[in-house]
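Data block below; observations after.
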Amino acid sequence: MLAINLRLGAFAAALALLAATSSGAFAQKKYDTGATDTEIKIGNIMPYSGPASAYGVIGKTEEAYFRKINAEGGINGRKINFISYDDTYSPPKTVEQARKLVESDEVLLIFNPLGTPPNTAIQKYLNSKKVPQLFVATGATKWNDPKDFPWTMGWQPNYQSESRIYAKYILKNKPDAKIAVLYQNDDYGKDYLKGFKDGLGDKAASMIVIEESYEVSEPTIDSHIVKMKATGADVFFNITTPKFAAQAIKKNQEIGWKPLHFLNGVSSSIGSVIKPAGFENSQGIISSNYLKDPTDIEWKNDAGMKAWNEFLDKYYPEANRADIFVMYGYTVAQGLEHVLRASGDNLTRANVMKQAASIKDLELGGLLPGIKVNTSATDFAPISQVQLMRLKGETWERFGEILSDDVGG
Amino acid sequence: MSAAEEVVTEAPAVEAVPKRAMTLGVGTSLVVLAALVIAPLFVKNFIIFQMTMLLIYGLAVLALNILTGGSGQFSLGQSAFYAVGAYTSAILMEHVGMNYALTLPIAGIICFGFGFLFGQPALRLSGVYLALATFALATAMPQLLKLGYFEHWTGGVQGLVVTKPDAPFGLPMGQDMWLYYFTLVITIGIYVASVNLLRSRSGRAFMAIRDNEIAASAMGVDVALYKTLAFGVSAGITGVAGGLGAIAVQFVAPDGYTITLAISLFLGMVVGGVGWLPGSIVGSAFIIFVPNIAESISKGLSGAVFGVLLFLVIFLVPHGARQVAIVAQQMLGKLKKH
């Protein structure tokens with residue numbers, strides 16, 4: 001057994017040497033597992049069922065987008081074979097599915113797997129196998145760590161960057177603020193809170209007068225709002241998911257608490273938060289975004305939005321167009337398309353990572369005007385810009401410049 | 001008769017299984033064992049990993065089988081014991097730097113203690129009420145693991161990454177294959193011990209309690225002691241399974257040990273046949289592979305497809321794999337006569 005292994009090893013080494021020395025001569029086409037002349041296999045893991053199944057729509061949108069690419073001739077003549085599995089948001093299942101994709105389906109890379117715990121579960125495995133874990137679907141800050149995890153790359157602006165931007169705004173425009181923070185008691189809420197405190201620096205302790213947390217299982221957060229009002233705070237940082245965000249806005253109005261209201265970008269959707277909470281209750285709220293909100297009338301005649309609508313008409317007609325995750329899936333799939341096109345005929349895993357790490361000022365139809373995708377060998381946070389916006393009438397009015405604040409993992 | 005009375009006076013939900021019917025014959029056992037030993041030599045690493053998970057969940061189902069099939073107590077809280085075992089192993093390996101093999105008995109002992117203590121108040125409850133009490137334990141566990149006080153040790157919501165062990169003594173096999181054989185040895189050990197336990201004096205006491213508590217205590221069985229003992233043993237085995245699971249998956253996080261896991265294990269036990277220990281592995285295969293099959297049939301409706309498959313199994317073979325095994329045995333017997 002040992003002898004055979006040794007002999008095989010020597011043979012493989014000889015082959016590798018041969019490949020290395022001869023690659024200069026005919027370097028036109030190079031492939032790793034998962035790529036051929038006719039096909040590129042992409043793996044993906046999504047919670048199609050279970051507690052986080054609302055995100056499953058991202059996977060469905062991506063699948064539809066790759067159908068569109070294939071219908072239009074593929075990427076450099078190669079069809080995308082998109083294999084997406086359900087992990088029910090359970091990390092042990094994610095590991096099983098990731099191993100199935102890599103070892104059984106033999107995909108070139110794993111694209112946009114969703115959730116912080118599931119991605120943490122497979123990060124070490126994929127890095128040891130040298131399989132790209134590209135554009136992970138989580139806002140946690142730790143994915144931008146090319147030194148320790150050169151095969152893992154984030155995608156969206158991370159939570160900490162965003163809340164540091166709010167902190168900077170408060171320090172500049174309302175330095176004597178008394179701040180109340182409400183956050184969801186999980187990784188997402190705590191990440192936001194940490195970024196916010198870091199942004200305020202040593203003034204955090206004196207400026208934040210109350211930190212309230214709620215569990216996602218609570219039916220209502222009304223009592224927290226009442227408690228926060230009692231502290232006399234004049235700034236409210238609202239780190240909540242859409243359902244709770246709408247409740248908070250409504251309750252503020254009901255009890256007559258009118259602080260300067262910062263709402264995290266996670267809940268900035270007009271369709272699922274502002275409209276249910278009431279436009280009249282939401283005037284003056286400050287938030288930020290990097291995607292175009294499909295329910296915002298500002299984009300009615302926008303070219304990027306038109307292309308998105310045409311794509312949905314043809315390839316995913318049953319999609320809920322008020323759902324920001326449909327826009328998210330569309331945009332990140334375009335990001336992958338860009339990387340694969342840039343990789344040309346050199347479809348090795350190393351080259352895909354190299355191309356993913358050399359995106360320069362890429363603009364996509366779903367991103368706000370002025371926001372660009374940028375990466376480098378030391379910057380694995382593709383989108384790190386957001387723009388502040390204030391609700392006015394029935395739409396967000398963006399103000400100030402495009403802001404960026406890169407935080408590494 | 002009111003509904004409440006009906007529950008109380010109804011025949012026990014767990015059917016009395018004679019202890020000889022709880023195991024496999026020697027010949028069959030050897031065939032299964034040979035298959036388990038040889039199979040990994042011919043398959044990919046990914047399949048070996050799945051087989052390892054099969055054994056691990058098999059152990060957890062076996063543990064539940066001892067509790068329900070042996071002593072007649074229900075539990076929907078096995079995921080909590082599994083989580084405690086997993087976290088014990090992970091914390092000892094990553095924070096204390098202990099050898100992975102040594103963490104398993106510790107995980108087992110801690111879970112035994114935990115289960116034994118939980119069994120004390122649970123004694124006052126029986127049937128569906130006990131199931132509800134354990135259900136509470138299972139729903140509480142993921143949140144307890146997220147608590148700030150323990151975050152330094154548990155890693156909070158982010159969980160803990162565990163290093164996978166290499167094969168020792170320079171054995172020429174990969175990590176997956178080594179871990180599989182390591183798990184197989186432990187599984188066989190625990191299986192044999194469980195069979196012996198059920199055949200022993202304690203096992204007879206368990207079954208006496210299962211069949212009729214009053215008669216058992218009249219015969220001198222210490223009902224309280226043996227009920228808690230059954231809980232402790234079941235929790236201890238589940239803890240070892242949890243520890244193995246943490247090593248195989250290389251990661252622990254609260255989201256991995258939700259009530260869904262407890263229900264899966266319960267499902268595995270019913271599908272494998274309540275009280276039939278070899279069925280545990282069949283039940284484990286059901287909970288690992290059938291969701292994958294359901295997903296390949298329809299992505300959007302995987303839950304519904306799974307439900308239909310489960311319904312078919314329960315409808316066609318209500319006693320699970322045990323029933324299939326008995327029918328197969330009878331058919332073989334007929335063939336021999338001819």
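These protein sequences, in sequence, are chains B and L.
When we follow full-length UniProt numbering, the leftmost residue of the first sequence carries the number 1, and every step to the right adds one.
When we follow full-length UniProt numbering, the leftmost residue of the second sequence carries the number 1, and every step to the right adds one.
C-beta: ideal position from N, C-alpha, C; glycine also.
Test: residue i CB closer than 8 Å to a CB of chain B
i, result
"residue 284/L", "no"
"residue 157/L", "yes"
"residue 50/L", "yes"
"residue 53/L", "yes"
"residue 174/L", "no"
"residue 213/L", "no"
Under 8 Å from the C-beta of residue i: neighbouring residues of chain B
i, result
"residue 299/L", "48, 84, 86"
"residue 303/L", "49"
"residue 245/L", "92"
As assigned by DSSP and simplified to three states, the class of residue i
i, result
"residue 385/B", "strand"
"residue 22/B", "Per-residue confidence for residue 22/B stands at a pLDDT of 45, beneath the threshold of 50, marking its modelled position as unreliable; the derived number appears in the next sentence. The answer is helix: DSSP assigns residue 22/B an H, G or I state."
"residue 48/B", "coil"
"residue 185/B", "coil"
"residue 43/L", "coil"
"residue 212/B", "strand"
"residue 124/L", "coil"
"residue 380/B", "coil"
"residue 204/L", "helix"
"residue 81/B", "strand"
"residue 87/B", "coil"
"residue 95/L", "helix"
"residue 319/L", "coil"
"residue 31/B", "strand"
"residue 272/L", "helix"
"residue 104/B", "helix"
"residue 400/B", "strand"
"residue 221/L", "coil"
Any C-beta of chain L under 8 Å from that of residue i
i, result
"residue 342/B", "no"
"residue 192/B", "no"
"residue 121/B", "yes"
"residue 99/B", "yes"
"residue 393/B", "no"
Top-ranked residue by Cα proximity to residue i, from the options
i, options, result
"residue 280/B", "35/B, 328/B, 251/B, 226/B", "251/B"
"residue 273/L", "317/L, 129/L, 60/L", "317/L"
"residue 139/L", "320/L, 150/L, 263/L", "263/L"
"residue 138/B", "188/B, 106/B, 244/B, 104/B", "188/B"
"residue 154/L", "235/L, 92/L, 333/L, 196/L", "92/L"
"residue 120/B", "107/B, 152/B, 85/B", "152/B"
"residue 256/B", "228/B, 237/B, 318/B, 289/B", "228/B"
"residue 417/B", "355/B, 291/B, 360/B", "What is shown of chain B runs 1 to 409, which leaves residue 417/B out entirely."
"residue 206/L", "74/L, 69/L, 258/L", "69/L"
Rounded straight-line distance, which links the Cα of residue j to that of residue i
i, j, result
"residue 322/L", "residue 287/L", "16 Å"
"residue 179/B", "residue 323/B", "31 Å"
"residue 380/B", "residue 282/B", "35 Å"
"residue 176/B", "residue 212/B", "20 Å"
"residue 197/B", "residue 164/B", "8 Å"
"residue 220/L", "residue 209/L", "11 Å"
"residue 102/B", "residue 268/L", "28 Å"
"residue 228/L", "residue 217/B", "32 Å"
"residue 47/B", "residue 264/B", "23 Å"
"residue 275/L", "residue 102/L", "30 Å"
"residue 328/L", "residue 41/L", "28 Å"
"residue 224/B", "residue 241/B", "15 Å"
"residue 76/B", "residue 157/B", "30 Å"
"residue 45/L", "residue 157/L", "29 Å"
"residue 324/L", "residue 248/L", "31 Å"
Under 7 Å from the C-beta of residue i: neighbouring residues of chain B
i, result
"residue 99/L", "In chain order: nothing, as chain B lies at least about 20 Å away."
"residue 255/L", "89, 90, 91, 117"
9 Å Cβ cut-off: residues of chain B touching residue i
i, result
"residue 45/L", "99, 103"
"residue 295/L", "48, 49, 85, 86"
Chain L residues whose Cβ lies nearer than 7 Å to that of residue i
i, result
"residue 124/B", "161, 250"
Proximal chain L residues relative to residue i, where beta-carbon distance stays under 9 Å
i, result
"residue 421/B", "Any property of residue 421/B remains undetermined from this structure, which presents chain B solely from 1 to 409."
Under 8 Å from the C-beta of residue i: neighbouring residues of chain L
i, result
"residue 186/B", "146, 157"
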